[in-house]
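Working notes, structure below.
There are 2 protein chains.
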Amino acid sequence: MRFRKFSLNFNPEFNSMQAKEILKQHIAKSALLTDPEFDYFFSHFKFQSYTKGQTIITEGGKVECEYFVVEGCLKSFYINDDMKMFILQFAMPTWWASDYNALYSREKAMISVDCITNAEVLSLSNADREKLCREIHQVEHFFRWRTNKGYVAAQRRLLSHMNNDTKKRYEELMLQYPALYNMVPKHLIAAYLGVSRETLSRLHSS
Amino acid sequence: MRFRKFSLNFNPEFNSMQAKEILKQHIAKSALLTDPEFDYFFSHFKFQSYTKGQTIITEGGKVECEYFVVEGCLKSFYINDDMKMFILQFAMPTWWASDYNALYSREKAMISVDCITNAEVLSLSNADREKLCREIHQVEHFFRWRTNKGYVAAQRRLLSHMNNDTKKRYEELMLQYPALYNMVPKHLIAAYLGVSRETLSRLHSS
DNA sequence: GCGCAAAAGTGATATACATCACACAGTTCC
DNA sequence: GGAACTGTGTGATGTATATCACTTTTGCGC
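Chains as they are written, first to last, in this note's numbering: chain H, 409 to 614; chain R, 409 to 614.
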């Protein structure tokens, strides 16, 4: 039997209503919104389907939105002058992705975002986020907590990068996201760890 | 003439009123508070003086506060099992420092904070921050923006670490904070860059 | 000013990782 | 089923950086 290694893991039945429920549960973890408040909040999101390989944010372009992943897997990445790619984040369901510097500072994107698998996302524009934050105190609260979580995670990853060798960082990543192993090609995992694909490959044999 | 390389850069006249003004200017950049609101906000801070070498947050201990630097320079750092130190942040005037994971999650500190020079800080407890965020919407707004800035900076630094060699990262740091060169010993700069002091030393000769 | 301790520089050697080159396996598409 | 492409494994070699050991310089208390 043929084993589809990079299975799409994609449910075509997915729709906006299920997405709404997933976002609702997600928000509820750190903010208290009444049902009407949440409905109003949700009305600012656009439900969007992307196919594997599609680009959502392009380096050098404008960034208008941030994206809440409902299904599938995105990556946000940077490509340097030697065309080498570095992955900042794999965005799995209930994760958010964007180029936050570009988004907040109205600058051109330095970071790209694209789809590793087919994906369903909810997009929210910068203008609408700021509007919602102004209008609903608890929304501002939610975004403060979410950003704080991201900040702590980024610091932790930086520390891990300074402190640990490739093998240790790889094991950490697999412990945190076991699903990645069969979902994304190894050279992308290498690009996340910041090593060459060859070095990553050799880890298994040692 | 003897040149005091690690000058204290310390103004004994500094007092709570000047600190208040510095904090006010800092907040005003991203939030709009009325004077009474700011006075109320400020009333939750404690003005504290520390001397060079004093520890503010100890690894393994409780973390109750975050610290706004008014004068001097702090460092937040992690020490690994081999007793090697990694510096997460140099905190200069108008910067904030704490172990944000421990502070938000009520866990024990993994990160320490101490004083590179004599320092004047304003401390704010976690409980008071949350209270103020609840009571004054603009305060929550301020902390969202501040945290977002930190998040973007941490991501940028992670990228720089994956992308650039030591020399480039050193030059970046010196460009961003020229004052550090004469303010902190070189082995601390090495600990920030994540390289050995020997390697940093050899950069100059090449 | 003297003496100790902390900081900084330097040489020799070891090592993790990058890079280049190539083989081959798996997937996709006609 | 075969071609083309993408992904993966592996050997040989080069290089940046760590580590260890030692010396020199600087800062600071007495």
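Cβ coordinates follow ideal geometry from the N, Cα and C atoms, glycine included.
Collapsed DSSP secondary structure at H:I430 in the structure displayed: One-based indexing of the first sequence puts residue 430 of chain H at position 22. In this structure, H:I430 counts as helix in the three-state DSSP scheme.
Where R:F414 sits in the DSSP three-state scheme: Walking along the second sequence from the start, residue 414 of chain R turns up at place 6. With a pLDDT of only 45 at R:F414, under the threshold of 50, the placement of this residue in the model should not be trusted; the figure read from the coordinates follows. DSSP places R:F414 in coil when its eight states are reduced to three.
Interfacial residues, the region 560 to 574 of chain H to chain R, with Cβ spacing under 8 angstroms: V560, A562, Q563, R564, R565, L566, L567, H569, M570 and N571
Chain-order list of residues whose beta-carbon lies under 6 angstroms from that of R:M500 (same chain, five-residue window excluded): Taking the second sequence and counting its residues from 1, one reaches residue 500 of chain R at position 92. C481.
Cross-chain neighbours of H:R552 in chain R, by beta carbon under 8 angstroms: Here residue 552 of chain H refers to the residue found at position 144 when the first sequence is read from its first residue. Those within 8 angstroms of H:R552 in chain R are C541, E548, F551, R552 and T555.
R:I465 versus R:F551: straight-line alpha-carbon distance, rounded: Here residue 465 of chain R corresponds to residue number 57 of the second sequence, with the count starting at 1. Here residue 551 of chain R corresponds to residue number 143 of the second sequence, with the count starting at 1. Distance between the alpha carbons of R:I465 and R:F551 is about 21 angstroms.
Contacting residues, own chain, Cβ-Cβ under 6 angstroms from H:K454 (five flanking each side not counted): As a first step, residue 454 of chain H is located in the first sequence; it is residue number 46 there, counting from the start. Answer for H:K454: S531, listed in chain order.
Where H:Y559 falls: helix, strand or coil (DSSP): Working through the first sequence from its first residue, we reach residue 559 of chain H at position 151. Correct three-state label for H:Y559: helix.
Top-ranked residue by Cα proximity to R:A517, from R:W503, R:I487 and R:E543: By one-based count along the second sequence, residue 517 of chain R stands at place 109. Among R:W503, R:I487 and R:E543, the Cα nearest to that of R:A517 belongs to R:I487.
C-alpha distance - R:A439 paired with R:E474, whole-angstrom precision: Within the second sequence, the letter at position 31 stands for residue 439 of chain R. Within the second sequence, the letter at position 66 stands for residue 474 of chain R. About 19 angstroms.
Beta-carbon proximity list for H:I524, same chain, < 6 angstroms, skipping 5 on both sides: Position 116 of the first sequence holds residue 524 of chain H. Excluding sequence neighbours, H:I524 sits near C481, K483 and V592.
Identity of the residues DSSP links to R:W504 by a beta bridge: The sequence position of residue 504 of chain R within the second sequence is 96, counting from 1. Looking at the DSSP assignment, R:W504 forms a beta bridge with R:F476.
Proximity below 8 angstroms, CB of H:S477 to CB of H:A535: Stepping through the first sequence from its first residue, residue 477 of chain H is reached at position 69. Stepping through the first sequence from its first residue, residue 535 of chain H is reached at position 127. It should be pointed out that residue 477 of chain H corresponds to Val in this sequence rather than to Ser. Contact: no.
H:Q497 - partner residues in DSSP beta bridges: Here residue 497 of chain H refers to the residue found at position 89 of the first sequence. Paired residue(s): H:S484.
Residue closest to R:F494, alpha-carbon to alpha-carbon, out of H:Y448, H:N571, H:N423 and H:I495: Counting from 1 along the second sequence, the entry for residue 494 of chain R is found at position 86. The option with the nearest alpha carbon to R:F494 is H:N571.
Per DSSP, cross-strand counterpart(s) of H:D443: Your numbering for residue 443 of chain H matches position 35 in the first sequence. DSSP lists no partner for H:D443.
Interface partners of R:G602 on chain H, CB under 7 angstroms: As a working mapping, residue 602 of chain R is identified with position 194 in the second sequence. Within chain H, the residues near R:G602 are M570.
Contacts of H:G558 in chain R (Cβ-Cβ under 7 angstroms): On the first sequence, residue 558 of chain H is found 150 positions in, with the first residue counted as 1. Result: Y559.
Limits of the alpha helix (DSSP H) - the one that R:A535 falls within: Position 127 of the second sequence, counted from the first residue, corresponds to residue 535 of chain R. From DSSP, the alpha helix (DSSP H) with R:A535 extends over N534 to E543.
Interface positions of the region 485 to 498 of chain H facing chain R (Cβ-Cβ less than 7 angstroms), listed along the chain: Y486, N488, F494 and L496
Closest Cα partner of R:M491 within the set R:L611, R:S613 and R:A599: By 1-based counting over the second sequence, the position of residue 491 of chain R is 83. The shortest Cα separation from R:M491 among R:L611, R:S613 and R:A599 belongs to R:A599.
Listed by chain order, chain R residues near H:Y508 by CB distance under 9 angstroms: Within the first sequence, numbered from 1, the residue matching residue 508 of chain H stands at position 100. What H:Y508 touches in chain R: N556, Y559, V560 and Q563.
Selection of the region 510 to 534 of chain H by Cβ proximity to chain R, strictly under 8 angstroms: Y512
Sequence-distant residues of its chain with Cβ nearer than 7 angstroms to H:R565 (five each side left out): Residue 565 of chain H sits at position 157 when you count from the first residue of the first sequence. Once the five neighbours on either side are set aside, H:R565 has no close Cβ partner at all.
Members of the region 435 to 454 of chain H that neighbour chain R once the beta carbon cut-off is set at 7 angstroms: none
Selection from H:E429, H:V560 and H:Y578 that minimises the alpha carbon distance to H:K594: The residue labelled residue 594 of chain H in the question sits at position 186 within the first sequence. Here the closest residue by C-alpha is H:Y578.
C-beta neighbour in chain R for H:H612, strict 8 angstroms: Counting from 1 along the first sequence, the entry for residue 612 of chain H is found at position 204. Output row for H:H612: interface = no.
CA nearest to the CA of R:T574, picked from R:L583, R:H434 and R:V603: Sequence index remark: in the second sequence, residue 574 of chain R carries index 166 (1-based). Checking every option, the nearest Cα to that of R:T574 belongs to R:V603.
Within-8 angstroms CB hit, R:H545 to chain H: On the second sequence, residue 545 of chain R is found 137 positions in, with the first residue counted as 1. True, the Cβ-Cβ gap to chain H drops below 8 angstroms.
Extent of the continuous alpha helix (DSSP H) run through H:T463: Counted from its first residue, the first sequence places residue 463 of chain H at position 55. That residue, H:T463, is in no alpha helix (DSSP H); its beta strand (DSSP E) goes T463 to I465.
Own chain residues within Cβ distance below 8 angstroms of R:I430, not counting five before or after: Start at 1 with the first residue of the second sequence, and residue 430 of chain R comes out as number 22. Excluding sequence neighbours, R:I430 sits near V478, P501 and T502.
Best match in H:S424, H:N509, H:Q462 and H:L581 for proximity to H:D447 [C-alpha to C-alpha]: Residue numbering aside, residue 447 of chain H sits at position 39 when the first sequence is read from its first letter. For H:D447, the nearest C-alpha among the options comes from H:S424.
Host beta strand (DSSP E) of H:K454 (start-end): Working through the first sequence from its first residue, we reach residue 454 of chain H at position 46. Counting along the chain, the beta strand (DSSP E) containing H:K454 begins and ends at K454 to Y458.
Of the residues R:T442, R:A436 and R:K470, the one placed nearest R:L511, counting alpha carbons only: Position 103 of the second sequence, counting from 1, holds the residue named residue 511 of chain R. Minimum Cα distance to R:L511 is reached at R:K470.
Spatial distance of R:W553 from H:E538 (CA atoms): Within the second sequence, the letter at position 145 stands for residue 553 of chain R. Within the first sequence, the letter at position 130 stands for residue 538 of chain H. Spanning the two alpha carbons is a distance of roughly 11 angstroms.
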